[in-house]
Amino acid sequence: DTGVSQNPRHKITKRGQNVTFRCDPISEHNRLYWYRQTLGQGPEFLTYFQNEAQLEKSRLLSDRFSAERPKGSFSTLEIQRTEQGDSAMYLCASSSGQAPGGYTFGSGTRLTVV
Amino acid sequence: DAKTTQPPSMDCAEGRAANLPCNHSTISGNEYVYWYRQIHSQGPQYIIHGLKNNETNEMASLIITEDRKSSTLILPHATLRDTAVYYCIVWTNTNAGKSTFGDGTTLTVKP
């Protein structure tokens, strides 16, 4: 297992376009998290899945954002009608949830909206 | 959620111990103190966590005060590769992972 994988690593898109990011968690982890991180700030929680169920959404997750985890394995985060303010690093993390412990993060997808 | 306060930046000489403080004066009894670090252009990396007792692993030591209102992460022999942003977060078993990290401390290890 190579850890949490995120694709693409970088994405440049024009304002108004839709983008989709993918996260492949550690295979035995049933919990998956999405975060957004802007320059100079810490990661901000966006949403959380346990298996295929999306159990929590932050108020930061506007209606232009949608996340799925259709079979409880990989997850996608889609942003519709992108705005310049969406430019950020989008991070995914997974955990087994068995005990308090570390969450494994991917390297993120850097989105630039021009 | 309990909030944490960390100094925005710190320097440390290579080979010396780096002591990173965190204040969490409103921490609840069931909240753990977690530390992560983030090296430029990578995702955060888990370092250590603790509830009441001091903890040590291969990466670092975590010292939690008796009243649990503050803690210190200790990197015993800092190297240049320890230059990173260090985040201190308090989480329960229920809300773990579901909150914002805060701005952290940028540690610069100098030769």
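Chains V and P, in that order, are what the protein sequence lines are. For the first sequence, the working numbering gives the first residue as 1, with consecutive numbering after it. For the second sequence, the working numbering gives the first residue as 115, with consecutive numbering after it. Glycine included, every Cβ here is placed at the ideal spot set by N, Cα and C. Bear in mind that the values here come from a model prediction, so they are computed numbers and not experimental data.
Checklist entry - Nearest chain B C-beta to Glu44/V closer than 7 Å, yes or no? => result Any reference to chain B falls outside this structure, whose protein chains are V and P.
Checklist entry - Closest Cβ-Cβ distance between Ser107/V and chain P: below 7 Å? => result Here the question's residue 107/V lines up with position 107 in the first sequence. With 7 Å as the cut-off, Ser107/V counts as an interface residue toward chain P.
Item to check | Per-residue DSSP class, three states only, for Asp181/P | outcome: If you number the second sequence from 1, residue 181/P lands on position 67. DSSP places Asp181/P in the coil class of the three-state scheme, outside both helix and strand.
Checklist entry - Excluding the five sequence neighbours on either side, which residues of its own chain have a C-beta within less than 6 Å of the C-beta of Pro135/P, listed in chain order? => result Within the second sequence, the letter at position 21 stands for residue 135/P. If the five residues before and after Pro135/P are omitted, its C-beta is found closer than 6 Å to the C-beta atoms of Thr186, all from its own chain and listed in chain order.
Next on the checklist: By alpha-carbon positions, which one of His29/V, Arg110/V, Arg15/V and Ser96/V ends up nearest to Arg64/V?
Outcome noted: For the purposes of this step, residue 64/V is taken as the residue at position 64 of the first sequence. Selected option, being the one with the closest Cα: Arg15/V.
Next on the checklist: Tell me the rounded alpha-carbon separation between Leu60/V and Gly85/V.
Outcome noted: Residue mapping note: residue 60/V aligns to position 60 of the first sequence, counting from 1. Residue mapping note: residue 85/V aligns to position 85 of the first sequence, counting from 1. CA-to-CA, the gap between Leu60/V and Gly85/V works out to about 12 Å.
Next on the checklist: Quick check on this structure: which residue in Ser75/V, Ser96/V, Gly106/V and Thr82/V has the alpha carbon closest to the alpha carbon of Thr47/V?
Outcome noted: Along the first sequence, read from residue 1 onward, the residue named residue 47/V stands at position 47. Minimum Cα distance to Thr47/V is reached at Ser75/V.
Item to check | Terminal residues of the beta strand (DSSP E) in which Met89/V lies | outcome: Residue numbering aside, residue 89/V sits at position 89 when the first sequence is read from its first letter. Ala88 to Ser95 is the span of the beta strand (DSSP E), which, as asked, contains Met89/V.
Item to check | Close Cβ partners of Glu128/P (< 7 Å) along its chain, the five nearest in sequence each way excluded | outcome: Position 14 of the second sequence holds residue 128/P. Listed in chain order, the non-local C-beta contacts of Glu128/P below 7 Å within the same chain comprise Ala192, Thr193, Leu194, Val223, Lys224 and Pro225, local neighbours out to five positions each way being set aside.
Checklist entry - Between Val113/V and Thr38/V, which are expected to be in contact by the criterion C-beta below 8 Å, what is the C-beta distance as a whole number of angstroms? => result The count along the first sequence starts at 1 and reaches residue 113/V at position 113. The count along the first sequence starts at 1 and reaches residue 38/V at position 38. Contact doesn't hold; Cβ gap of about 12 Å is too wide.
Item to check | Neighbour list for Tyr160/P in chain V, Cβ cutoff strictly below 9 Å | outcome: Working through the second sequence from its first residue, we reach residue 160/P at position 46. What Tyr160/P touches in chain V: Gly101, Gly102, Tyr103, Thr104 and Phe105.
Checklist entry - Should the region 143-153 of chain P be regarded as contacting the region 204-214 of chain P, the criterion being three or more beta carbon pairs within less than 8 Å? => result Yes: at least three Cβ pairs fall under 8 Å.
Next on the checklist: Among the candidates Ser107/V, Thr109/V and Cys92/V, whose CA atom is the shortest distance from the CA of Arg31/V?
Outcome noted: Start at 1 with the first residue of the first sequence, and residue 31/V comes out as number 31. Among Ser107/V, Thr109/V and Cys92/V, the Cα nearest to that of Arg31/V is on Cys92/V.
Checklist entry - So which of Ala88/V, Ser96/V and Gly97/V has the shortest CA-CA distance to Gly157/P? => result Residue mapping note: residue 157/P aligns to position 43 of the second sequence, counting from 1. Per the Cα distances, Ala88/V.
Next on the checklist: Which of the three DSSP states is assigned to Gln6/V in this structure?
Outcome noted: Taking the first sequence and counting its residues from 1, one reaches residue 6/V at position 6. Under the three-state reduction of DSSP, Gln6/V is assigned to strand.
Next on the checklist: Cβ closer than 9 Å: which chain P residues qualify as neighbours of Tyr33/V?
Outcome noted: Taking the first residue of the first sequence as 1, we reach residue 33/V at position 33. Per Cβ cutoff of 9 Å: Gly211 and Lys212.
Item to check | Arg110/V: first and last residue of the uninterrupted beta strand (DSSP E) it sits in | outcome: On the first sequence, position 110 is the one that residue 110/V refers to. Looking at the DSSP string, the run of the beta strand (DSSP E) that includes Arg110/V is Thr109 to Val113.
Checklist entry - Quick one: Cα of Glu52/V to Cα of Ala67/V, how far? => result As a first step, residue 52/V must be located in the first sequence, where it is residue number 52. As a first step, residue 67/V must be located in the first sequence, where it is residue number 67. When rounded, the separation of the alpha-carbon atoms in Glu52/V and Ala67/V is 11 Å.
Next on the checklist: Does Leu187/P come out as helix, strand or coil in the three-state DSSP assignment?
Outcome noted: As a position in the second sequence, residue 187/P is number 73, starting the count at 1. Residue state for Leu187/P is assigned as strand, using DSSP reduced to three classes.
Checklist entry - How would you call Gly218/P, buried or exposed, if buried means at least 16 neighbouring beta carbons within 10 angstroms? => result Within the second sequence, the letter at position 104 stands for residue 218/P. So Gly218/P ends up on the buried side.
Next on the checklist: Is the beta carbon of Ala174/P closer than 7 Å to that of Ile153/P?
Outcome noted: The sequence position of residue 153/P within the second sequence is 39, counting from 1. The sequence position of residue 174/P within the second sequence is 60, counting from 1. Going by C-beta atoms, Ile153/P is not nearer than 7 Å to Ala174/P.
Checklist entry - What residues from chain V crowd round Asp217/P, counting only those whose CB sits closer than 9 Å? => result In the second sequence, residue 217/P corresponds to position 103, counting from 1. Ordered by position in chain V, the residues that pass the 9 Å Cβ test against Asp217/P are Gly40, Gln41 and Gly42.
Checklist entry - Since Gly157/P meets chain V, which of its residues come closer than 7 Å, beta carbon to beta carbon? => result Counting from one through the second sequence, the residue named residue 157/P turns up at place 43. Residues of chain V passing the Cβ test: Leu91, Phe105, Gly106, Ser107 and Gly108.
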